[in-house]
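S.K.: The structure follows.
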Amino acid sequence: MSGAIDIGIPQLAISLLFVIAAGIASLRLRLGLARDLFWGTVRTIAQLVLMGFVLIYVFRIQRWELVLALYVLMILFAAWIIRGRVRSTTVSYFLPTFLSMVLSYVLITAVVVGLIVQAEPWYLPKYFIPLGGMIIGNSMNAIAISLDRLFSDLLRRRSEVELLICLGATGREASADMYRDAIKAGMIPSINAMMGVGVVFIPGMMTGQILAGSDPLVAVKYQIVVMLMLVASTALGSLLVVSLVRKRCFAPDHRLIIQETDA
Amino acid sequence: MADSELSVPETASHALLSVRALSFRYDRDDIFSDVAFDLHARDVLLLSGPSGSGKSTLLRSLARLLAPQTGTITLKGRSWADIPPPTYRRRVAYLQQQPVMLPGTTVRTNLLLSFRFDVANGPDDEQLNSLLSEAALESIRLDQDAGTLSVGQQQRIALLRLLLMRPAALLLDEPTASLDRDAAQKLIDMVADERERSALAVLLVSHHTDDADRLSPRMAILKNARLEVLS
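Written out as structure tokens, the structure is:
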């Protein structure tokens, strides 16, 4: 691997022109996005530089506890972000969401790194953290979509759910349709991505590998693994989260207890 | 517990449905408090009261769609705490105010919904058709989309769907509120017929007391969070 051409700091500064142009457009057109663009840029630079230093440190230490601890911390942040994207109800879902994400993501990342890539050891941070990060980034959206769909369907179709409950259904039976629809809604984007990949767009990871000097065919193999792993992680993540959270929408006597709350 | 254990004949010692000290609070407001009454087989209790007085909340509590903070309900002498909730709900059947048909499904599917959650087999088409005729719904086909029916027809289908569970008691929440006079009368006739046939007990919430004349009900009023049974 010859490695990518390094970008100098002055050259990096040139890329700021892109965002400045967008900022000017926002001001001219009164889009009201200038502030968000500014903070978005600051956060992008700060978070990535911080990540860079953390990675240098993590790649050096190579202890499985620390790699996993960092990974779990990343998942914690993702679970936190999901909170902001799902409509607010009386059902608390943070803990089940976080635990399902940890379980499914650690499992899938370990299989990919240890069994497919066959890195030695299985937690080799240079592979584990970037691949794991991709899983989090993608399936975090899937989980947010699934949860939001589950809640909105249960609220919107309340009379239907209560009808089935009155006819002797358990909460599980009465919400079977909403449960399936919620998981499906979460999985569809990653399935659509499989349809378009390589035709409509070259995925970021493959681009990165090619720029870093990898043989395109090696990059392709990695990308195939990544696409399949993303489908698996969105499926497993959504399934676990929706299963656990659906339970909390019903009382032990199968009453539907979810209510919408403000903010 | 199987349904059959709850099908033992009612004895003189206990009412079919016995409600004691039932209270429901919402945000520190008493919706109803210390509600107590008995409902025997064949009894019809007409519950009225100002709108917003908590009649629907009381009915939904009796249907176990809401959980009152205090109180007990016994069904044929057994505390509701000892009856699996789905079994209880099949015995004490609740008709929603607005009829709910499962979207995009046929009349047949809607009528047979409860059998999805029951070991028993549902009636066949011939039996269903004869039930439709008895309910003055002979013009309806079983494979018709239930969503195309009028509200009055849907409400009768919804009632028929409940009666197919062979409940011991029926909770009706203003079932005639959105029906014209003719459709309302047909619905009340169905209730009256079933009461004759199976000694069904009925708790009916209604503003139109004359609707229920044929059932010659006892009257009760829910007012200022208190239930008063008048006769």
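In order, the protein sequence lines correspond to chains A and B. The numbering used here puts the first sequence at residues 1 to 263. The numbering used here puts the second sequence at residues 1001 to 1231. Virtual Cβ for every residue (Gly too), placed ideally from N, Cα, C.
#1: Would you kindly work out how many angstroms separate the C-alpha atoms of B:Glu-1134 and B:Ala-1063, rounded to a whole number?
#2: Does A:Ile-165 have its Cβ less than 8 angstroms from a Cβ in chain B?
#3: To be precise: take each residue of the segment 1068-1089 of chain B, compare its Cβ to all Cβ atoms of chain A, and keep it if any distance is under 8 angstroms. Which residues remain?
#4: So which residues on chain A does B:Ala-1063 lean against when the C-beta distance must stay under 8 angstroms?
#5: Can you name the start and end residues of the beta strand (DSSP E) that B:Lys-1223 belongs to?
#6: Identify the continuous alpha helix (DSSP H) that holds B:Leu-1198 and give its terminal residues.
#7: Judging by CA-CA distance, which residue of B:Ser-1053, B:Leu-1017 and B:Arg-1028 is the nearest neighbour of B:Leu-1039?
#8: Could you work out which residue in A:Met-140, A:Phe-77, A:Ile-135 and A:Ser-159 is closest to A:Val-112 when comparing CA atoms only?
#9: Compare the beta carbon distance of A:Phe-151 and A:Thr-97 with 8 angstroms and say whether it is the shorter of the two.
#10: Output yes if chain A places a C-beta closer than 8 angstroms to the C-beta of B:Leu-1045; else output no.
#11: Rounding to the nearest angstrom, what Cα-Cα distance links A:Met-206 and A:Leu-55 in this structure?
#12: Specify whether the segment 1023-1037 of chain B and the segment 122-132 of chain A touch according to this definition: at least 3 beta carbon pairs, one from each stretch, less than 8 angstroms apart.
#13: Helix, strand or coil: which one does DSSP assign to A:Val-19?
#14: When you compare only the Cα positions, how much space is there between B:Gln-1069 and B:Tyr-1026?
#15: Going by beta-carbon coordinates alone, are A:Ser-146 and A:Ala-185 separated by less than 8 angstroms?
#16: If you count every other CB in all the chains shown that lies within 10 Å of the CB of A:Asp-215, and 16 or more means buried, which is it?
#17: Does A:Arg-156 come within less than 8 angstroms of chain D when only Cβ atoms are used?
#18: Output needed for B:Asn-1121: all residues of its chain with C-beta closer than 6 angstroms, excluding positions within five of it in sequence on either side, in chain order.
#19: Nearest-angstrom Cα distance between B:Met-1101 and B:Leu-1131?
#20: When Cβ atoms are compared, which residues of the segment 1098-1112 of chain B fall closer than 8 angstroms to chain A?
#21: Do B:Val-1151 and B:Leu-1172 come within 8 angstroms of each other at the CB atom, strictly closer than that value?
#22: Examine chain B for any beta-carbon lying closer than 8 angstroms to the beta-carbon of A:Thr-170, and answer yes or no.
#23: Would you please state the rounded distance, in angstroms, between the beta carbons of A:Ala-251 and A:Met-187? I believe it to be under 8 angstroms.
#24: In angstroms with no decimal places, state the Cα-to-Cα distance between A:Ile-14 and A:Ile-20.
#25: The beta strand (DSSP E) that contains B:Asp-1034, what's its start and end?
#26: Return the residue from the list B:Glu-1174, B:Leu-1128 and B:Ser-1023 that minimises the CA-CA distance to B:Leu-967.
#27: By alpha-carbon positions, which one of A:Ile-81, A:Val-102, A:Val-86 and A:Val-72 ends up nearest to A:Arg-149?
#28: Spell out the partners DSSP gives B:Thr-962 in its beta bridges.
#29: Give a yes or no on whether the minimum CB-CB distance between B:Gln-1096 and chain A is below 8 angstroms.
#30: For the beta strand (DSSP E) that B:Glu-1228 lies in, which residues bound it at each end?
#31: Closest Cβ-Cβ distance between A:Ser-104 and chain B: below 8 angstroms?
#32: Rounded to whole angstroms, what's the CA-CA distance from B:Gln-1096 to A:Phe-18? Just pull it up for me.
#33: List the residues that DSSP assigns as beta-bridge partners of A:Glu-260.
M.R.: According to the structure shown:
#1: 27 angstroms
#2: With a threshold of 8 angstroms between beta carbons, A:Ile-165 makes contact with chain B.
#3: Pro-1085, Pro-1086, Thr-1087 and Arg-1089
#4: Taking the beta carbon of B:Ala-1063 as reference, the chain A residues within 8 angstroms of it are Cys-166, listed in sequence order.
#5: Annotation for B:Lys-1223: the continuous beta strand (DSSP E) segment containing it runs 1218-1223.
#6: Note that residue 1198 of chain B corresponds to Ser in the displayed sequence, not to Leu. It spans 1181-1198 - the alpha helix (DSSP H) in which B:Ser-1198 sits, taken as one unbroken run.
#7: B:Leu-1017
#8: A:Ile-135
#9: no
#10: It does not; no Cβ of chain A falls within 8 angstroms.
#11: 20 angstroms
#12: Two segments are said to touch when three or more pairs of C-beta atoms, one from each, lie closer than 8 angstroms; by this definition the segment 1023-1037 of chain B does not touch the segment 122-132 of chain A.
#13: A:Val-19: helix per DSSP, three-state reduction.
#14: 10 angstroms
#15: With respect to the 8 angstroms criterion, A:Ser-146 and A:Ala-185 are classified as neighbours on the basis of their beta carbons.
#16: Exposed, by the Cβ-count rule.
#17: Reference to chain D is not applicable here, since the protein chains of this structure are A and B.
#18: None.
#19: Computed Cα separation, rounded: 18 angstroms.
#20: Gln-1098, Val-1100, Leu-1102 and Pro-1103
#21: no
#22: It does: the Cβ of A:Thr-170 has a partner Cβ on chain B nearer than 8 angstroms.
#23: Their Cβ separation, rounded to whole angstroms, is 29 angstroms, which puts A:Ala-251 and A:Met-187 out of contact at 8 angstroms.
#24: Inter-residue distance for A:Ile-14 and A:Ile-20 is about 10 angstroms (C-alpha atoms, whole angstroms).
#25: 1029-1039
#26: Since the displayed chain B opens at 1001 and closes at 1231, residue 967 of chain B lies outside it and no answer follows.
#27: A:Val-86
#28: Given a span of 1001 to 1231 for chain B in the structure shown, any question on residue 962 of chain B remains unanswerable.
#29: yes
#30: Counted as a single uninterrupted DSSP element, the beta strand (DSSP E) harbouring B:Glu-1228 occupies residues 1226-1229.
#31: no
#32: 59 angstroms
#33: A:Thr-89
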